[in-house]
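Novice: Numbering (the working numbering), first residue to last: 21 to 118.
Got a structure here, written out as structure tokens. Questions coming.
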């Protein structure tokens, strides 16, 4: 058997198959809704966030290296690296009737 044909057949095993692929659907929050909700900005300190937004409803313990901490507020969650904001993520509205 031709060595190139064997190599081609072996490499094709690692190619994705449309029958095996998965689709990940993520609900997006509308830009208009995002604009109306004030959130912490990247680089703000934990102290500044707490002064501006008050105490969070939940403070999760730091995880990993560097330490990543999450604070939950009613409409968003804030993620910190050490004591600085890396992102603030809006919470999805739960569908009515759930």
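We put the beta carbon where it would ideally sit given N, CA and C, even for glycine.
Just curious, the beta strand (DSSP E) that residue 68 is in, first and last residue?
Specialist: Element bounds for residue 68: not the beta strand (DSSP E) but the alpha helix (DSSP H), 66 to 73.
Novice: What are the start and end residues of the beta strand (DSSP E) that includes residue 10?
Specialist: Outside the displayed span of the chain (21 to 118) sits residue 10, for which this structure offers no information.
Novice: Report back the beta-carbon spacing between residue 95 and residue 79 to the nearest angstrom; my notes put them in contact at under 8 Å.
Specialist: Contact flag wrong, Cβ pair sits at about 16 Å.
Novice: By DSSP, does residue 113 sit in helix, in strand, or in coil?
Specialist: Reduced to three states, the DSSP call for residue 113 is coil.
Novice: Are the CB atoms of residue 62 and residue 90 nearer to each other than 9 Å?
Specialist: For residue 62 and residue 90, no; Cβs fall outside 9 Å.
Novice: Quick one: residues in its chain with C-beta nearer than 7 Å to the C-beta of residue 106, no 5 flanking neighbours on either side, listed in chain order?
Specialist: Taken in chain order, the residues that qualify are 62, 99 and 100.
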